[in-house]
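Visitor: Residues 51 to 235 in the numbering used here are what the sequence shown lists, from first letter to last.
First, the structure itself, so that you have it in front of you.
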Amino acid sequence: MRSVIIAVRQPGEKSNRDTYSEAGSYPSFRRLSYEEVKLWGTSFDRLMGHKCMVKFDYFYKTNCDSFLVGQKMFADFLKSEFSDENILFWQACEELKREKDIDKIEDKARIIYEDFVSILSPKEVSLDSRVREIVNSNMVRPNAHMFDEAQGQIYTLMQRDSYPRFVGSNFYRNLLASYLECEEL
Numbered sequence: 051m052r053s054v055i056i057a058v059r060q061p062g063e064k065s066n067r068d069t070y071s072e073a074g075s076y077p078s079f080r081r082l083s084y085e086e087v088k089l090w091g092t093s094f095d096r097l098m099g100h101k102c103m104v105k106f107d108y109f110y111k112t113n114c115d116s117f118l119v120g121q122k123m124f125a126d127f128l129k130s131e132f133s134d135e136n137i138l139f140w141q142a143c144e145e146l147k148r149e150k151d152i153d154k155i156e157d158k159a160r161i162i163y164e165d166f167v168s169i170l171s172p173k174e175v176s177l178d179s180r181v182r183e184i185v186n187s188n189m190v191r192p193n194a195h196m197f198d199e200a201q202g203q204i205y206t207l208m209q210r211d212s213y214p215r216f217v218g219s220n221f222y223r224n225l226l227a228s229y230l231e232c233e234e235l
């Protein structure tokens with residue numbers, strides 16, 4: 051098992067990738083606290099939006115401005131249940147919204163459709179017929195926000211269904227216990 055240190059960027063610290071390429075300039079880290087991990091159990095929005103810097107052994111990883119470690123832990127839990135299609139769809143939609151290149155938007159939109167919306171996909175997400183029809187109509191002229199209603203529906207589904215399972219799971223309890231143990235040392 052790899053050692054993982056989860057840490058939060060210090061106030062005022064640069065957040066772009068150039069910070070890490072400057073000679074002698076390294077990000078400063080502080081360990082994610084037990085209280086922060088515990089707060090994930092109080093709010094799905096907090097879990098999904100907790101931005102942190104993460105160090106995997108000696109490799110620093112950033113995703114845009116920071117790594118959404120709450121999402122990563124939630125995704126790992128869903129993967130352990132073989133039900134990660136919703137978080138993968140939601141994250142793909144977020145990535146699509148950040149894309150500025152029109153050609154890439156069209157390509158990514160088609161991939162998202164094929165991977166998560168198509169009835170032929172093994173990772174098909176559960177959308178109601180009204181939202182599915184909106185997505186199908188949007189495929190004529192793909193754009194960065196064409197999945198917004200579908201993404202909102204999936205977010206609500208995760209919040210109502212997957213999140214309570216996460217909070218009540220051994221996965222989350224073990225995660226909390228590992229942070230509590232580290233703080234007691």
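Glycine included, every Cβ here is placed at the ideal spot set by N, Cα and C.
Being a predicted model, the structure only gives us computed values, none of them experimental.
Between which two residues does the alpha helix (DSSP H) holding F95 run?
Guide: The sequence shown places Asp at residue 95, not Phe. That run of the alpha helix (DSSP H) goes 94-99.
Visitor: For L226, name the three-state secondary structure that DSSP assigns.
Guide: helix
Visitor: Out of curiosity, what's the CA-to-CA distance linking V217 and L225?
Guide: 11 Å
Visitor: Tell me the rounded alpha-carbon separation between D151 and R210.
Guide: 34 Å
Visitor: For G120 and V181, what's the separation of their Cα atoms in angstroms?
Guide: 27 Å
Visitor: If W140 and I204 are in contact, beta carbons under 8 Å, what's the gap, nearest whole angstrom?
Guide: 5 Å
Visitor: I'd like the span of the alpha helix (DSSP H) that includes Y84, first residue to last.
Guide: 84-89
Visitor: I'd like to check one pair, E149 with A200: are the Cβ atoms closer than 7 Å?
Guide: no
Visitor: State the Cα-Cα distance for the pair P172 and E164, rounded to the nearest angstrom.
Guide: 10 Å
Visitor: Assuming L177 and V190 are in contact, meaning their beta carbons sit under 8 Å apart, how far apart are those beta carbons, in whole angstroms?
Guide: With 8 Å as the limit, L177 and V190 do not qualify as a contact, their Cβ atoms being about 18 Å apart.
Visitor: Buried or exposed: which applies to F127, given that a residue is buried once 16 or more other Cβ atoms fall within 10 Å of its Cβ?
Guide: buried
Visitor: Classify S179: buried if its beta carbon has 16 or more other beta carbons within 10 angstroms, exposed otherwise.
Guide: exposed
Visitor: Excluding the five sequence neighbours on either side, which residues of its own chain have a C-beta within less than 6 Å of the C-beta of Y222, listed in chain order?
Guide: Closer than 6 Å at the Cβ level, and outside the excluded window around Y222, lie F216.
Visitor: Spatial neighbours of N220 within its chain, please: CB distance less than 8 Å, with the 5 preceding and 5 following residues excluded, ordered by chain position.
Guide: none
Visitor: Note down the Cα distance separating K88 from E231, rounded to an integer number of angstroms.
Guide: Note on geometry: alpha-carbon atoms of K88 and E231 lie some 13 Å from one another.
Visitor: Does DSSP put L177 in a helix, a strand or coil?
Guide: coil
Visitor: Please work out which residues of its chain come closer than 8 Å, Cβ to Cβ, to L118, disregarding the five sequence neighbours upstream and downstream, and give them in chain order.
Guide: M98, G99, H100, K101, C102
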